[in-house]
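Student:
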Amino acid sequence: MTSNSWIGWGGSIHNRRLAASDATITQRNVGSILKTCEYRYEPAGVSASPLVLNVTAYYPTWTGLLVALDYKSCDVLWTSNITKMILDFAPRTEVQVGSGVNPVSRTSPVTDGSRLYVGTLAHALVLAIDRDTGELISHVQIDDHPVALITQSPTWHDGQLLVGTSSFEIITATHPGYSCCDHVGSMNSVIFEKGFLKLRWKTMMIVQPEGLTGDPFSGASVWGSSPVVDMARDVVYIATGNTHSIPDETGACQLVQNETGIVFPDPCLPPEVYQESVLALDLATGDIKWARQLGVLDAFNLACMLVPVGAECPPVPGLDSDFGMGPTLITGDGAKTPDGKDLIVIGQKNGNLYGISPETGQVLWLTEASPPGLEGGLSWGIAADDTAVYFTAINNARTPYTAADGQIIHNSAFGAAALIDGKIMWQDKATGGILREDKLEDFFHGGIAVAQGYLMFGTGYWSGLQPPFAGSFQVWKATSCGK
1 MTSNSWIGWG GSIHNRRLAA SDATITQRNV GSILKTCEYR YEPAGVSASP LVLNVTAYYP
61 TWTGLLVALD YKSCDVLWTS NITKMILDFA PRTEVQVGSG VNPVSRTSPV TDGSRLYVGT
121 LAHALVLAID RDTGELISHV QIDDHPVALI TQSPTWHDGQ LLVGTSSFEI ITATHPGYSC
181 CDHVGSMNSV IFEKGFLKLR WKTMMIVQPE GLTGDPFSGA SVWGSSPVVD MARDVVYIAT
241 GNTHSIPDET GACQLVQNET GIVFPDPCLP PEVYQESVLA LDLATGDIKW ARQLGVLDAF
301 NLACMLVPVG AECPPVPGLD SDFGMGPTLI TGDGAKTPDG KDLIVIGQKN GNLYGISPET
361 GQVLWLTEAS PPGLEGGLSW GIAADDTAVY FTAINNARTP YTAADGQIIH NSAFGAAALI
421 DGKIMWQDKA TGGILREDKL EDFFHGGIAV AQGYLMFGTG YWSGLQPPFA GSFQVWKATS
481 CGK
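If you read the sequence shown in full-length UniProt numbering, its first letter stands for residue 1, the second for the next number, and so on.
Okay, here's the thing in structure tokens:
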């Protein structure tokens, strides 16, 4: 990544969210950062990190737009109507409307140079858009399930777009008369050829076992952050969510297992149900090189939260311990990793932070960085340099817990863990060394992009059937020298 760019969700194909080549903002001048540009979006704002190239930031809004902004002059270069592109493909169905599947994009754009690519919620489309004009060039639907979504930001590498699919069945399971569930997450490769987008390969995250009755295994969505490309091994790394439904025999197995105690690996979880797993897939074919299940069977949907419990809740509800983020890859050259080798780091909604071998998927270390929660735990992403991995402990349930220095924390916290062994280095505001703090007017659900001494991010959100939260896209700049 050069100092004038921020590529996709993670800043690079390794998802490190590290602005190492941009030394403009330092501890010396962080106090001089001022807001230089802001555009409001009503009734919902922006949560995706922008793609930044040269002086242009490209970002989608929850109001259904894709915007190209000169972030230095604060001039909008063009605006595209993503909602119209989606509805021109097909109107929303009754079940999509009832589940809150909005006709928008929430993914960070990526580019092949002349074209931008984004994924959509409604209809799970990949759109190719002219980078200079914002005009639609081509589209392809990569999942035709009624409530399929693309929430994961894509990664572009060597002529192919890599992106996962998820669904809103966790919500539709609460609807009277809806038979839950049958959507299975997937990883996809899309190419642009002769003026059109087309699917190159698709790898499903669940292979249904034979001979089972009742509901199928469903879920294992690929929904958080963005895929990671490892050019040295020719693989792409992803992580998956929980299951939403299970067969009758599996439910019976769980009831028996609950009487004998939890064991791992879970005898009720088939090896090819890649629930809450980290996987390495061949870049050329999508074949699974290795997969590491990280947890016991976790069947959960929001019918389990109804009072009384809904009919579509699995017989033994899980804890919803998804991987709500993609992996992060640290190459061993100069990094303080185990044996100086390459390392994958990733956080889970149950609060676990893992260090994993990219060669085999072996877990090298595990740290409990946060209490668990339906929203996390750890979700949507981390950052890493050559020494540490930086995380936010969401702790949405506000569970009291003891930080590494002995203090009792009741709130959300942020911290750092050593790459070498996962040991917590510091945690919470008292030990994290805050250099600058500004109160935002709106909810912040995204990540910050950094380029040429500018910070860019969105505020506001819109999730499912919840009310939308207005917000804006903002640009901040360091106004004094950082040396």
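Idealized CB from N, CA, C, for every residue including glycine.
Give the DSSP bridge partners of Q160, in chain order.
Tutor: In the DSSP output, where bridge partners are listed per residue, Q160 has H157.
Student: Under 8 Å Cβ to Cβ from L255, same chain only, skipping five residues before and after it: list those, please.
Tutor: Result list for L255: P315, V316, in chain order.
Student: Within this structure, are the beta carbons of T165 and A124 separated by less than 7 Å?
Tutor: Contact: yes.
Student: Measuring CB to CB, does I394 end up less than 7 Å from P400?
Tutor: No; because the gap between Cβ atoms is not below 7 Å, this pair is not in contact.
Student: Let me check understanding here. Comparing Cα to Cα, which of P468, G332, M456, S463 lies closest to D70?
Tutor: Nearest C-alpha to D70: M456.
Student: Give me the Cα-Cα distance between D143 and L199, rounded to the nearest whole angstrom.
Tutor: Looking at the two C-alpha atoms, the distance is approximately 10 Å.
Student: Terminal residues of the continuous alpha helix (DSSP H) containing E94?
Tutor: Note, E94: alpha helix (DSSP H), 94-99.
Student: Assign K423 to one of two classes, buried (16 or more other C-beta atoms within 10 Å of its C-beta) or exposed (fewer than that).
Tutor: Classification for K423: exposed.
Student: Measure the alpha-carbon distance for L319 versus W6 and round it to whole angstroms.
Tutor: So the two alpha carbons sit approximately 35 Å from each other.
Student: For the putative contact between residue 503 and A384, defined by C-beta atoms under 8 Å, what is the C-beta separation to the nearest angstrom?
Tutor: As shown, the chain starts at 1 and ends at 483. That puts residue 503 outside it, with no answer to give.
Student: Three-state secondary structure (DSSP) at Q348?
Tutor: Q348: coil per DSSP, three-state reduction.
Student: Report, in whole angstroms, the separation of the C-beta atoms of Q348 and L294, which I expect to be a contact under 8 Å.
Tutor: Confirmed, Cβ separation roughly 7 Å.
Student: In terms of alpha-carbon separation, which member of A299, V296, V278, D298 lies closest to K289?
Tutor: It is V278.
Student: Considering F457, what are the terminal residues of the beta strand (DSSP E) in which it resides?
Tutor: Taken as a continuous stretch (DSSP letters only), the beta strand (DSSP E) holding F457 covers 454-458.
Student: Please report how far the alpha carbon of residue 531 lies from the alpha carbon of A335, in whole angstroms.
Tutor: Lying before the first or after the last residue shown, residue 531 is absent from the chain, which here runs from 1 to 483.
Student: If you compare alpha carbons, which of Y117, S226, A68 is closest to G10?
Tutor: Ranking Y117, S226, A68 by Cα distance to G10 puts S226 first.
Student: Run the CB neighbour count on D215, radius 10 Å, all protein chains shown included, and call it buried at 16 or more, exposed below.
Tutor: Flag for D215 reads buried.
Student: Roughly how far, in whole angstroms, is the beta-carbon of L281 from the beta-carbon of V235, given that I think they are within contact range, below 8 Å?
Tutor: That pair is a contact at about 6 Å.
Student: Strictly by DSSP, which residues pair up with L125?
Tutor: The partner list for L125 (beta bridge, DSSP) reads Q141.
Student: Quick check: what's the CA-CA separation for V389 versus A416?
Tutor: Those two C-alpha atoms are separated by around 6 Å.
Student: Out of E249, Q275, T111, V104, which one is the CA nearest neighbour of H183?
Tutor: The shortest Cα separation from H183 among E249, Q275, T111, V104 belongs to Q275.
Student: Let me confirm a value: C74 is counted as buried when at least 16 other C-beta atoms fall within 10 Å, else exposed. Which label applies?
Tutor: By the neighbour-count rule (16 or more Cβ atoms within 10 Å), C74 is not buried but exposed.
Student: Excluding sequence positions up to five away, which residues of its chain have a Cβ less than 7 Å from the Cβ of D266?
Tutor: Within the same chain, D266 has close Cβ partners V296, L297.
Student: First and last residue of the beta strand (DSSP E) that includes F196?
Tutor: Taken as a continuous stretch (DSSP letters only), the beta strand (DSSP E) holding F196 covers 196-204.
Student: According to DSSP, simplified to helix, strand and coil, what is T172?
Tutor: Looking at T172 - three-state DSSP - the assignment turns out to be helix.
Student: Which residues in the same chain have their Cβ closer than 7 Å to the Cβ of G64, if we skip the five residues on either side of it in sequence?
Tutor: Cβ within range, chain order: N81, I82, T83, P103, V104.
Student: If you pair each beta-carbon of the segment 32-46 with each one of the segment 84-98, do three or more pairs fall below 8 Å?
Tutor: No, they do not touch.
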